[in-house]
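Student:
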Amino acid sequence: MAISLSQLCVNAEKSYAMKLIAGSGGLENTVRWVHIVEDSEVPDFLHGNELIFTTGITHSGTDWLKGFAESLKAKGVVGLVVNIGPYIESVPSPVIVYCEQNDLPLFTIPWSTRIVDISYDFCRRIIGNEKHESTVGEAFRAIIKDPDALKNYAELLSRAEFGQKSSYTVISACVISNGANVTKQAAQTMDMSIWRTIRSSGQRSTLFMHDGSLVAVRQNSSDADISRLCAELEAVLKEPANEVYIGVSHKLDDLPSVSEGYEQASAAQFMSMLGNGGCTRYGDIGVMKLVFGIKNTNILREFVRENLGTLRRFDVERNADYCDTLKLYLTYNGSVSEAAEKAGVHRNTINLKMRAIKEILGKELDDNTKSSLILAFRIEEVLELYDKRSDF
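Here this note's numbering is used: the first residue of the sequence shown is 92, the next is one more, and so on.
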């Protein structure tokens, strides 16, 4: 996963005499990059999650340092490293108090430590971690496409502490804005926030893009942890124009089951898109598991034609809306009054249309027929999403 400040600074005290003097509450934040900043006016190129070094070379005294720390915090940096020497003899108490109260990790390094050496070391490790994350993501993408590929990646995943006998949960998230899939853009924009969310419980996870969705594979997590994670992930990705759809798999018994877990999470994500958005668990989608389990869409289309084809053709030929009326009637469990209220018509209008619908279909609406028609309408919705998937 993205490297945290605590991970980045492991052995830094021993190697560089780098000491934490305040703000330990922020050590688990993720680090994007390292910069040296000497101007008290915090530069615009900072985007957040940077670790900042300063020597104070452009300043006289230390009165500027508290305002500098406040500006860095406002920019979302993850830590400040002060080079103690001829320009900053010591860190003033107000700066230490501010950093402690605001969980802004504050470090010192002696003048003898060369900032170029420590910044090079840190940047190299950040890049190495990103490469590692990319490789782990590629491994999981390969396993999703072909479970047999696990034999090629088992050693790599083991080194990354993804054990074959651990339990796993797969989460698939999609962000749609104005009919377009903006998941990749949203994930890039919110990258550090998403990683903070993923890291928050300490469970091992990986995060990657696959088929237009942001996929997380989570190890050894409880249902409560997954619920919290999904709620936080939705909050991070949600923007005024965005709709967020999240699907969650069953808890899987081992690493080889991740491919099946992705299929479950993807099916649950589709059901979220057919519903009211938010998070949907695979265990809650009922009979639709059977629908998503059928990969040959011709079978699904044939089922729709057998049950709704005659009525659809009648609507097209006569410019009628009998399919809409039937769907409304079934949605409200056969309640004519509720269907009429929703459609904004008199209940007699619904009764007349329902009599006509039965004649067109050539059958009574017994429980078996109604179940088939309800399923056909749901399958239609799924097929529409399948057809739009290339647009997403």
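Positions of the beta carbon are idealized from the N, C-alpha and C atoms, including for glycine. Keep in mind that this is a model prediction, so the values were computed, not measured.
Would you call the CB atoms of L464 and N398 closer than 9 Å?
Tutor: Closer than 9 Å, so yes.
Student: Applying the 10 Å Cβ sphere with the 16-neighbour rule, what's the burial state of V101?
Tutor: The residue is exposed, with fewer than 16 neighbouring Cβ atoms inside 10 Å.
Student: Could you say which of Q360, L324 and S95 lies nearest to D302 if we only look at CA atoms?
Tutor: Selected option, being the one with the closest Cα: Q360.
Student: Which first and last residues belong to the beta strand (DSSP E) in which T145 is found?
Tutor: Where T145 is concerned, the enclosing beta strand (DSSP E) stretches over E141 to T145.
Student: When DSSP builds the beta bridges, which residues end up paired with E334?
Tutor: Its beta-bridge partners are I267.
Student: Check whether the region 450-457 touches the region 389-407, counting contact only when three or more Cβ pairs, one atom from each stretch, lie closer than 8 Å.
Tutor: Touching, yes.
Student: Can you have a look at V494 and say buried or exposed, based on whether 16 or more other CB atoms are within 10 angstroms of its CB?
Tutor: Missing from the structure shown is residue 494; the chain here goes from 92 to 483 and no further.
Student: Tell me whether G116 sits in a helix, a strand or coil according to DSSP, three-state version.
Tutor: Reduced to three states, the DSSP call for G116 is helix.
Student: Taking C-alpha atoms, which residue in T280, Q276, N272 and A322 lies nearest to I289?
Tutor: Among T280, Q276, N272 and A322, the Cα nearest to that of I289 belongs to A322.
Student: Hey, L142 and V173: beta-carbon distance below 9 Å or not?
Tutor: Their beta carbons are not under 9 Å apart, which means L142 does not touch V173 by this criterion.
Student: Helix, strand or coil for G400, going by three-state DSSP, please let me know.
Tutor: Correct three-state label for G400: helix.
Student: Can E71 and T297 be called in contact, C-beta distance under 9 Å?
Tutor: A question about residue 71 goes unanswered here, because the residues of the chain that appear run from 92 up to 483.
Student: In angstroms, rounded to a whole number, what distance separates the CA positions of G73 and N120?
Tutor: Because the chain in this structure spans residues 92 to 483, residue 73 falls outside the shown range and cannot be described.
Student: Do you know how far the Cα of G352 is from the Cα of Q310?
Tutor: Cα to Cα, the separation comes out at about 12 Å.
Student: Three-state secondary structure (DSSP) at G254?
Tutor: Note: G254 maps to coil in three-state DSSP.
Student: Mark N439 as exposed unless 16 or more other C-beta atoms lie within 10 angstroms of its C-beta, in which case mark it buried.
Tutor: Answer is exposed; the Cβ neighbour count stays below 16.
Student: Here's the rule: buried if 16 or more other CB atoms are within 10 angstroms of the residue's CB, otherwise exposed. What is E252?
Tutor: The residue in question, E252, is exposed, as its Cβ has fewer than 16 Cβ neighbours within 10 Å.
Student: Taking all protein chains shown into account, decide if L96 is buried (16 or more other Cβ within 10 angstroms of its Cβ) or exposed.
Tutor: Looking at its Cβ environment, which holds 16 or more other Cβ atoms inside 10 Å, L96 is buried.
Student: Under 6 Å Cβ to Cβ from F159, same chain only, skipping five residues before and after it: list those, please.
Tutor: Hits under 6 Å: S131.
Student: From the DSSP output, which residues share a beta bridge with S95?
Tutor: BP columns for S95 point to T121.
Student: Where does C214 sit, in a helix, a strand or coil, going by DSSP?
Tutor: It is helical.
Student: Where do the N-terminal and C-terminal ends of the alpha helix (DSSP H) with F468 fall, by residue?
Tutor: Unbroken alpha helix (DSSP H) run through F468: D458 to K479.
Student: When you compare each of I470, G425 and V436 to L456 by their alpha carbons, which one comes out closest?
Tutor: Of the listed residues, the one whose Cα sits closest to L456 is G425.
Student: In the DSSP assignment, find the beta strand (DSSP E) that holds N174 and state where it starts and stops.
Tutor: G170 to I175 is the span of the beta strand (DSSP E), which, as asked, contains N174.
Student: Can you name, in chain order, every residue of its own chain whose Cβ lies under 7 Å from the Cβ of G167, other than the five neighbours on each side?
Tutor: The residues are G139 and N140.
Student: Do Y477 and S348 have their C-beta atoms within less than 9 Å of each other?
Tutor: No, the pair does not count as a contact, with Cβ atoms beyond the cut-off.
Student: Would you kindly report the start and end of the unbroken beta strand (DSSP E) that includes A307?
Tutor: From DSSP, the beta strand (DSSP E) with A307 extends over S304 to Q310.
Student: What three-state label does DSSP hand L346 in the structure shown?
Tutor: Reduced to three states, the DSSP call for L346 is helix.
Student: Mind checking whether V266 and L305 have CB atoms under 9 Å apart?
Tutor: Yes, they are a contact pair.
Student: Name the residue from R250, P183, L171 and H341 whose alpha carbon lies nearest to the alpha carbon of T153.
Tutor: Nearest option by C-alpha distance: P183.
Student: Classify R215: buried if its beta carbon has 16 or more other beta carbons within 10 angstroms, exposed otherwise.
Tutor: That one is exposed.
Student: Curious, which full-length alpha helix (DSSP H) runs of at least 4 residues does the region 371-427 contain?
Tutor: Counting only runs of 4 or more, we get 379-384, 388-409 and 413-422.
Student: Quick check on this structure: which residue in G170, T145 and Y178 has the alpha carbon closest to the alpha carbon of S151?
Tutor: The residue with the shortest Cα to Cα distance from S151 is Y178.
Student: Which one of Y107, N387, E393 and A264 has the shortest CA to CA distance from M300?
Tutor: Here the closest residue by C-alpha is A264.
Student: Name the DSSP beta bridge partners of H126, please?
Tutor: H126 pairs with I143.
Student: Check whether the region 270-279 and the region 197-212 touch, using three or more Cβ-Cβ pairs below 8 Å as the test.
Tutor: Result no; under three Cβ-Cβ pairs closer than 8 Å.
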